[in-house]
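Chains as they are written, first to last, in numbering that gives the first Met the number 0: chain A, 0 to 338; chain B, 0 to 338; chain C, 0 to 338; chain D, 0 to 338.
Where is the CB? At the ideal position from N, CA and C, for every residue including glycine.
On a predicted model such as this, the values are computed, not experimentally measured, just so you know.
The structure under discussion appears below in the form of structure tokens.
4 protein chains.
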Amino acid sequence: MIIVIKPNTPRDQIDAVIKEVEKLGYDPRPIFGTNQTIIAAIGDERTHHTLISLTAGFPQIEQVMPVQKRYKLVSHESRTQPTVIDVDGIKVGGGSFAMMAGPCSVESEEQLLTTARSVKAAGATILRGGAYKPRTSPYEFQGLGKEGLRLLQLAKKETGLKIITEVLSEFDVEHVAAAADILQIGARNTQNFRLLIECAKTGKPILLKRGLSERVEEWLLAAEYILSHGNPNVMLCERGIRTFETYTRNTLDLSAVAIAKKESHLPVIVDPSQGCGRADLVQVLCRGAVAMGADGLLIEVHPNPAEALSDGQQQVDFNGFNELVKSLQPYLEIAARKA
Amino acid sequence: MIIVIKPNTPRDQIDAVIKEVEKLGYDPRPIFGTNQTIIAAIGDERTHHTLISLTAGFPQIEQVMPVQKRYKLVSHESRTQPTVIDVDGIKVGGGSFAMMAGPCSVESEEQLLTTARSVKAAGATILRGGAYKPRTSPYEFQGLGKEGLRLLQLAKKETGLKIITEVLSEFDVEHVAAAADILQIGARNTQNFRLLIECAKTGKPILLKRGLSERVEEWLLAAEYILSHGNPNVMLCERGIRTFETYTRNTLDLSAVAIAKKESHLPVIVDPSQGCGRADLVQVLCRGAVAMGADGLLIEVHPNPAEALSDGQQQVDFNGFNELVKSLQPYLEIAARKA
Amino acid sequence: MIIVIKPNTPRDQIDAVIKEVEKLGYDPRPIFGTNQTIIAAIGDERTHHTLISLTAGFPQIEQVMPVQKRYKLVSHESRTQPTVIDVDGIKVGGGSFAMMAGPCSVESEEQLLTTARSVKAAGATILRGGAYKPRTSPYEFQGLGKEGLRLLQLAKKETGLKIITEVLSEFDVEHVAAAADILQIGARNTQNFRLLIECAKTGKPILLKRGLSERVEEWLLAAEYILSHGNPNVMLCERGIRTFETYTRNTLDLSAVAIAKKESHLPVIVDPSQGCGRADLVQVLCRGAVAMGADGLLIEVHPNPAEALSDGQQQVDFNGFNELVKSLQPYLEIAARKA
Amino acid sequence: MIIVIKPNTPRDQIDAVIKEVEKLGYDPRPIFGTNQTIIAAIGDERTHHTLISLTAGFPQIEQVMPVQKRYKLVSHESRTQPTVIDVDGIKVGGGSFAMMAGPCSVESEEQLLTTARSVKAAGATILRGGAYKPRTSPYEFQGLGKEGLRLLQLAKKETGLKIITEVLSEFDVEHVAAAADILQIGARNTQNFRLLIECAKTGKPILLKRGLSERVEEWLLAAEYILSHGNPNVMLCERGIRTFETYTRNTLDLSAVAIAKKESHLPVIVDPSQGCGRADLVQVLCRGAVAMGADGLLIEVHPNPAEALSDGQQQVDFNGFNELVKSLQPYLEIAARKA
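Encoded structure:
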């Protein structure tokens with residue numbers, strides 16, 4: 000870490016900081032400038048005591064700046080090749096693109112099965128569908144729960160599609176993991192670290208959504224929780240961040256795809272449906288996502304969005320999804336040539 | 000809800016929307032303007048199907064605007080008097096101001112007990128201290144867990160201070176509730192609805208922090224989860240929101256105190272330590288919070304902030320806390336005259 | 000507009016609002032629900048008095064919601080075909096893609112001319128270069144001013160490239176317009192309406208950057224200032240918005256390209272250099288921009304970015320730009336097939 | 000500045016950076032850690048070349064971190080006593096509190112004069128009123144212009160109140176300065192540096208509003224433009240920042256008052272009317288502002304807010320202002336005791 004001392008601080012007050020830095024286990028290397036002194040504190044910032052706390056006890060410190068990256072296992076330093084995740088036989092990452100589609104919520108057998116058949120015919124290989132739904136209001140539809148999981152398994156049996164579904168509660172991890180091929184962690188739970196650890200223990204692939212106002216560094220550190228608990232099968236998922244813009248529900252941050260891939264070997268998926276909250280923008284956002292290097296898409300598809308029990312406004316219908324997949328082909332081909 | 004139809008939409012396409020609105024259980028009242036038609040859809044928006052989904056199925060709709068408030072039990076409509084919460088004999092809200100103070104994390108018996116004695120002497124009535132800590136990185140100190148709870152109980156026994164501590168996991172609710180007088184839900188878990196419900200069931204007072212980028216409406220709806228699961232003892236806690244500003248860790252939104260009190264009968268607490276992440280701003284932020292009508296404060300105090308195991312930079316020391324309490328007196332007196 | 004009356008408001012207080020609505024020139028149409036009354040106020044919201052002011056005078060009003068769009072000339076209602084702008088013979092928009100490139104600041108004759116030759120050889124048709132620079136600190140390089148304009152003209156004469164350069168001051172509009180083919184309005188001046196009007200009067204094409212925290216609606220209204228002052232030649236330019244993310248200087252909002260094109264007939268340009276503030280992300284962001292339907296790019300290129308007098312960190316060098324243009328070809332071809 | 004080299008960079012690549020740092024006029028002091036090297040570059044960061052540009056030319060650099068503060072004249076280093084501004088005989092700052100009030104826009108002689116008399120009677124000493132109005136839409140009321148200035152002078156003559164009014168255009172600076180005692184720079188023009196310089200030259204006191212998404216550092220640097228152009232009479236004005244919250248128009252950042260005073264000797268004024276955009280929150284926000292140490296308030300007052308030509312929703316009426324001033328007395332008394 001770098002400790003910046005306020006200009007014109009007397010030498011004995013600088014020495015007091017140096018002494019404390021040493022006491023906290025770092026090797027202090029002061030550099031005396033004309034007006035200002037800085038102290039480079041050599042040591043492993045990830046596991047040592049943070050020196051930022053010093054600012055509360057030593058008013059002669061102007062600021063403390065970390066130097067090292069806080070994540071390790073998710074970074075290219077730890078693994079030079081892209082992680083490729085095996086989702087019950089389907090590969091995701093490292094050149095293998097995954098099309099995940101399905102309804103926001105599982106609502107009924109008919110709704111789910113007609114959707115599963117339709118997205119499969121259009122080219123999807125993984126079926127999404129929420130059995131447990133995190134809803135802003137307690138008065139909104141909360142999902143079918145275990146019955147929803149049963150229907151997802153039925154859809155898998157019939158169509159062969161792999162299953163991704165969200166897990167909301169530590170109490171549900173076991174039975175969701177029994178029914179799903181990928182455990183989805185939603186944006187609201189992305190720093191619910193105990194849930195992350197519980198999911199990590201299952202060994203199942205995990206799709207980790209970025210939080211509503213989570214910096215990329217924090218998102219990667221949330222993934223680091225999963226990897227450091229023994230599960231390397233993490234997909235990052237950009238799903239829109241919260242900004243001042245009100246035209247869309249969220250602002251899909253496509254640059255985060257490039258940044259996450261620059262910083263990490265993990266595959267990056269994009270969820271354009273949540274990302275904008277408007278069905279009419281989903282197709283064009285998918286094109287952008289593929290061009291930016293996304294390893295997969297997570298798209299909400301519903302037989303009749305206008306009557307959906309949750310988030311109909313952002314779900315495309317069967318025709319819309321067909322058209323979307325077709326319009327993506329040329330972009331996927333360029334990506335495949337590069338991979 | 001109000002459905003705004005795009006200008007120059009032919010009548011039959013308007014009728015199609017009207018028909019669908021009826022089908023979804025609302026009473027549609029169209030108003031035909033010169034250029035534009037709107038449809039007022041009469042019905043209980045809280046429990047009915049949301050009409051926003053219509054935008055995905057009916058391109059002739061420009062937008063759908065909700066009219067009713069989404070929260071009920073937390074609002075003044077449901078309860079005209081301010082909620083006063085009984086924390087094992089200490090009142091919070093409705094004119095009773097609560098001073099909660101203590102270390103960010105419980106680190107040791109000595110650290111906790113000296114702090115407890117000191118904050119009590121200065122005037123605090125409730126002791127804070129984290130036994131379970133949500134940390135951005137898995138490599139950071141995660142709290143003492145059950146041993147931390149034991150120490151909190153010890154401090155209560157010795158000083159008589161009531162205990163507030165954070166609960167991170169559904170698995171921990173029971174033993175945290177056994178040790179604590181107030182269950183604290185942190186900013187990262189504020190929309191972890193299953194944890195909210197689990198905490199609600201204990202009947203214990205709950206302090207619900209506002210999420211990092213949670214709108215006041217969403218915060219109140221999170222509280223509504225707790226009330227609608229049978230527990231009316233909720234304190235809202237503003238603790239800083241995430242903005243573009245980098246001088247402070249978060250931007251403490253003091254206006255949220257006034258807004259929350261305008262919209263709800265629940266007491267509102269302010270956490271200035273998290274709110275700014277800098278010990279040198281805590282005192283002045285406390286003054287602002289009291290002037291804005293806060294019902295209490297939650298302040299981080301540590302015997303030696305520079306060596307704290309978590310967030311030392313925002314913790315004040317014993318002298319700092321003493322001075323802070325004294326500087327607040329005149330503001331508390333004005334508030335008391337108004338209450 | 001829609002006026003939402005608070006639940007349980009007595010009839011005479013509703014009537015008072017109705018009377019005031021009439022007085023302000025609207026035709027009020029009340030709709031009485033079971034609990035709540037709303038008043039639809041029919042009238043032209045763009046030119047009439049705003050009813051939002053009513054909330055200050057009538058506490059029985061819960062909220063006032065606008066219904067109509069505030070922009071007119073920039074919208075598809077006013078013009079069904081995409082605007083194609085003629086930049087001294089070069090077309091921009093409606094299927095014609097513009098590659099604009101050059102240094103952040105004009106620094107010297109050699110720097111500018113070598114860059115001009117290089118970007119032309121790579122395929123650019125418009126040369127960018129700042130003669131007047133808006134710098135956050137008064138101690139930073141403020142541009143060469145008129146000498147910079149002279150050099151830009153020299154570069155145009157030699158290479159035939161058209162010139163885009165920023166105008167900062169109403170006092171400079173005349174001489175900048177004499178030297179430039181496109182007047183650039185920077186993010187910090189996007190709501191400097193008097194400057195917009197002064198630039199509009201020149202009749203020159205104007206590239207209007209989106210403000211750091213400008214909603215798309217506000218950006219379009221800024222463009223509306225220019226169109227309503229008689230100049231239809233506006234290009235919108237997305238250049239990154241300010242968010243909580245600190246990895247990049249700004250967050251490039253590629254979804255804004257799709258939204259702006261959905262709402263307006265004006266061409267949309269993307270500036271990835273400002274958008275991220277990092278040279279190493281520029282190429283991938285350009286790919287995303289093209290896939291999202293951008294009508295052009297504005298890219299910072301410098302012979303030696305490490306020694307640039309402004310924003311070197313986001314400028315690519317000549318090789319970088321060559322490679323970037325080549326990597327874009329397949330994406331431009333798909334776009335051309337669609338146009 | 001601190002240059003952080005990527006881990007495991009070979010020595011010759013480190014040397015290349017060191018050489019370039021020297022070439023750019025800094026004294027490089029490398030510190031070789033176990034895994035990572037950092038280079039402390041000693042030199043005046045305010046006036047030298049910024050080393051951040053190096054990241055574009057030297058991929059072995061991970062990041063460059065500035066160490067010094069970028070502002071000088073506005074900081075306590077340059078002036079240890081608080082700046083007290085003389086507004087035609089009225090003092091602002093250093094313990095002298097200024098109450099500025101008046102309509103958002105000057106609309107008519109009667110509107111202005113009745114307001115001036117009323118706010119004076121209530122205790123205001125400075126009259127606000129916009130003659131030139133920056134409006135988001137070109138179709139909204141743009142102010143009375145020179146006629147508005149004439150009315151402000153009339154009001155001054157009659158009541159003795161000093162005048163503050165906004166200047167939007169470099170072309171208007173001269174005649175606005177002739178009519179006003181304080182030149183107000185609005186949030187949208189806060190980084191319109193040429194306007195700042197033009198206003199600085201008049202020597203008049205300037206109230207500089209914080210931009211919608213301006214970091215405190217940038218706000219102080221905008222003030223630094225004015226001071227470095229020879230005008231020390233700057234008041235900073237917090238007026239709400241743009242966040243994700245939609246309940247209020249802006250989020251008033253009261254912590255910015257404390258931060259600005261911590262970093263600068265300039266007086267800090269708070270504008271609660273713009274800050275929240277709701278008349279019903281103005282009073283409580285004023286209390287918070289005074290408790291946080293504000294040196295003055297800028298409050299919008301209108302004889303009949305419901306019919307105001309601009310922003311009526313945030314203007315209080317005469318009774319409201321009277322009551323507000325009374326409610327502030329106890330807070331001002333505490334502040335006076337401290338000053």
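First through last residue of the alpha helix (DSSP H) which encompasses residue i
{"i": "Ala123 (chain A)", "result": "Segment: none, Ala123 (chain A) is in no alpha helix (DSSP H) and carries neither H nor E."}
{"i": "Thr54 (chain D)", "result": "Leu53 to Gly56"}
{"i": "Leu323 (chain D)", "result": "Phe317 to Lys337"}
{"i": "Lys145 (chain A)", "result": "Lys145 to Thr158"}
{"i": "Val175 (chain C)", "result": "Val172 to Ala178"}
{"i": "Glu197 (chain A)", "result": "Phe192 to Lys200"}
Own chain, CB closer than 7 Å to residue i, minus 5 neighbours either side, in chain order
{"i": "Val186 (chain D)", "result": "The sequence given here places Ala at residue 186 (chain D); Val does not occur at that position. These residues qualify, in order along the chain: Lys208, Arg209, Gly210, Leu211 and Arg238."}
{"i": "Glu195 (chain B)", "result": "According to the sequence as given, residue 195 (chain B) is Leu; it is not Glu. These residues qualify, in order along the chain: Ile184, Ala221, Tyr224 and Ile225."}
{"i": "Val86 (chain C)", "result": "Ile125, Lys161, Asp180, Ile181 and Pro204"}
{"i": "Ile37 (chain B)", "result": "Ile1, Ile2, Val3, Ile4 and Ile30"}
{"i": "Arg69 (chain A)", "result": "Arg45, Glu216 and Leu220"}
{"i": "Gln51 (chain B)", "result": "For clarity, residue 51 (chain B) is Ile in the given sequence; the question names Gln instead. Hits under 7 Å: Val63."}
Residues that residue i bridges to, as DSSP identifies them
{"i": "Asp26 (chain D)", "result": "D:Ile41"}
{"i": "Ser104 (chain C)", "result": "C:Gly129"}
{"i": "Ala97 (chain A)", "result": "A:Gly295"}
{"i": "Met64 (chain B)", "result": "B:Ile1"}
{"i": "Lys208 (chain B)", "result": "B:Cys236"}
{"i": "Val300 (chain A)", "result": "A:Val315"}
{"i": "Phe31 (chain D)", "result": "D:Thr36"}
Cβ separation of residue i and residue j, assumed to be a contact under 8 Å, to the nearest whole Å
{"i": "Val283 (chain B)", "j": "Gly292 (chain D)", "result": "6 Å"}
{"i": "Ile367 (chain B)", "j": "Ala39 (chain C)", "result": "Any property of residue 367 (chain B) remains undetermined from this structure, which presents chain B solely from 0 to 338."}
{"i": "Leu297 (chain D)", "j": "Cys236 (chain D)", "result": "6 Å"}
{"i": "Leu253 (chain B)", "j": "Ala288 (chain B)", "result": "6 Å"}
{"i": "Glu262 (chain C)", "j": "Glu169 (chain D)", "result": "In fact, because the Cβ distance is near 32 Å, the residues do not count as touching under 8 Å."}
{"i": "Gly128 (chain D)", "j": "Thr164 (chain D)", "result": "6 Å"}
Residues near residue i by beta carbon distance below 8 Å, same chain, minus five either side
{"i": "Phe140 (chain D)", "result": "Ser104, Lys132, Arg134, Leu308 and Ser309"}
{"i": "Ile60 (chain C)", "result": "Ile2, Val3, Ile4, Lys5, Val16, Leu53 and Thr54"}
{"i": "His174 (chain C)", "result": "Lys145 and Leu148"}
{"i": "Glu21 (chain B)", "result": "Pro27"}
{"i": "Gln110 (chain A)", "result": "Pro102, His301 and Pro302"}
{"i": "Met234 (chain D)", "result": "Ile84, Val91, Gly92, Ile181, Pro204, Ile205, Leu206, Leu207, Leu265, Pro266, Val267, Ile268, Asp294 and Gly295"}
Unbroken beta strand (DSSP E) run spanning residue i, endpoints
{"i": "Ile181 (chain B)", "result": "Ile181 to Ile184"}
{"i": "Lys71 (chain B)", "result": "Run containing Lys71 (chain B): none; DSSP gives neither H nor E here."}
{"i": "Asp85 (chain D)", "result": "Ile84 to Val86"}
{"i": "Glu165 (chain C)", "result": "Lys161 to Glu165"}
{"i": "Lys203 (chain D)", "result": "Looking at the DSSP string, Lys203 (chain D) is not in any beta strand (DSSP E), and its letter there is neither H nor E."}
{"i": "Val91 (chain B)", "result": "Ile89 to Val91"}
Contact test: residue i Cβ vs the ligand NAP heavy atom, cutoff 8 Å
{"i": "Asp87 (chain D)", "result": "The ligand NAP is absent from the structure shown, which contains no ligand whatsoever."}
Neighbourhood of residue i by C-beta distance below 6 Å, restricted to the same chain and skipping five residues each side
{"i": "Ser117 (chain A)", "result": "Phe317"}
{"i": "Thr82 (chain B)", "result": "Gly92, His264 and Leu265"}
Quiz item: What are the uninterrupted segments assigned as alpha helix (DSSP H) that are 4 or more residues long and contained completely in the segment 218-296 of chain A, given in chain order?
Solution: Whole alpha helix (DSSP H) segments, 4+ residues: 254-262, 271-275 and 281-290.
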